[in-house]
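Notes follow once the structure below has been shown.
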Amino acid sequence: MNCDTCIIFDFDGTLYPIIDFDSEQLLVHTIAQTSDEVFRKEAQRFIADDQAGCFLLEDFHLRYAAMTRGSTAALVDEVGRHLAGLLSCDDRTSLVTLKKESRADFAIFTCGTENLAEAFLTHLGIRDLFTSIRGKRLHFEEVGNTTMTIDIHTPEAKRRALEALRPCYRTIVAVGDGPTDIPMLEAADLGLVIDWNAQAMHSNFETHHSLPSLCRRIAAYLVSAAEA
Ligand SMILES: [Mg+2]
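In structure tokens, the structure reads:
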């Protein structure tokens with residue numbers, strides 16, 4: 081482990097492209113497949129409301145905790161497998177190469193679900209590249225009564241979590257895809273945006289359209305930062 085550089089990634093829409101559903105919507109959708117009609121309707125409404133941007137983050141977390149009470153580790157694993165399938169070999173290799181060349185610590189700071197990020201990385205065979213994954217966590221202690229705890233839950237919390245790492249690292253790079261990442265990107269030495277679908281988030285941050293391009297940029301930046 082190297083205590084010099086940290087690269088912090090957002091999860092949803094950053095480490096994989098969002099197609100139809102993000103990971104949390106997909107988990108609720110997956111739970112609904114084996115639930116009764118009432119839950120299926122509620123799940124549909126929840127996902128539609130979320131996609132329409134109806135929730136404030138705090139409201140979302142409360143509704144999400146209620147909707148995922150019936151989630152299980154197996155369902156989370158199924159979602160992780162599906163999301164891992166959205167990445168190409170080149171995407172995966174670019175992360176492995178960046179890790180090897182930079183020897184940086186990799187972290188995920190997300191307003192999403194840690195377990196889903198872990199399942200995704202595990203299916204890609206790169207869970208061990210990441211030293212820290214922080215967001216919301218599901219606890220599957222009792223069937224039908226899954227609970228949730230929250231670590232990072234807002235854009236400002238992402239920024240604070242990054243700033244708390246300052247004493248540990250000389251250089252911190254952050255990567256995100258949306259408005260909830262902006263405070264974290266602003267706080268980083270280098271903040272980059274990934275826009276998988278080339279739908280331009282009108283960002284002030286340098287934008288890349290693939291993981292290989294993004295990883296090459298980070299590697300080049302770290303070389304120049306080391307020489308400075
Ligand atoms: Mg995102």
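If you read the sequence shown in my numbering, its first letter stands for residue 81, the second for the next number, and so on.
We put the CB at the ideal spot given by N, CA and C, even for glycine.
Integer Cβ distance of residue i from residue j, believed to fall under 8 Å
i, j, result
"residue 191", "residue 219", "Contact doesn't hold; Cβ gap of about 18 Å is too wide."
"residue 257", "residue 93", "4 Å"
"residue 172", "residue 206", "7 Å"
"residue 226", "residue 151", "5 Å"
"residue 204", "residue 164", "5 Å"
"residue 189", "residue 201", "That belief does not hold up - the Cβ atoms of residue 189 and residue 201 are roughly 14 Å apart, past 8 Å."
6 Å CB neighbourhood of residue i in its chain, flanking five on each side removed
i, result
"residue 82", "Caution applies to residue 82, whose pLDDT of 47 falls short of 50 and renders its modelled position unreliable; the value that the coordinates give is listed next. Result list for residue 82: 183, in chain order."
"residue 174", "291, 292, 295"
"residue 231", "214"
"residue 212", "187"
"residue 89", "95, 188, 255"
"residue 243", "267"
Residues of its chain near residue i, where Cβ-Cβ distance is below 7 Å and the 5 sequence neighbours each way are ignored
i, result
"residue 145", "228"
"residue 59", "Coverage of the chain is limited to positions 81 through 308, which leaves residue 59 absent and any answer about it impossible."
Residue i Cβ short of 7 Å to ligand 1 heavy atom set
i, result
"residue 258", "yes"
"residue 269", "no"
"residue 130", "no"
"residue 261", "yes"
"residue 90", "yes"
heavy atom of ligand 3 below 7 Å from residue i C-beta
i, result
"residue 93", "What this structure holds is ligand 1, not ligand 3."
Contact set for residue i: own chain, Cβ-Cβ below 8 Å, skip 5 residues either direction
i, result
"residue 246", "252"
"residue 141", "216, 228, 230, 233"
"residue 301", "253, 270"
"residue 273", "255, 256, 257, 261, 265, 281, 283, 285, 286, 287, 288"
"residue 249", "83, 84, 85, 86, 185"
"residue 127", "101, 105, 108, 109"
"residue 97", "166, 276, 277"
Practice task
Answer yes if the segment 258–270 comes into contact with the segment 237–247, meaning at least three C-beta pairs across the two stretches below 8 Å, and no otherwise.
Solution key: yes
Problem - Stretch pair the segment 283–290 + the segment 103–116: three plus CB contacts closer than 8 Å - result: A contact is defined here as three or more CB-CB pairs under 8 Å, and the segment 283–290 fails this definition with respect to the segment 103–116.
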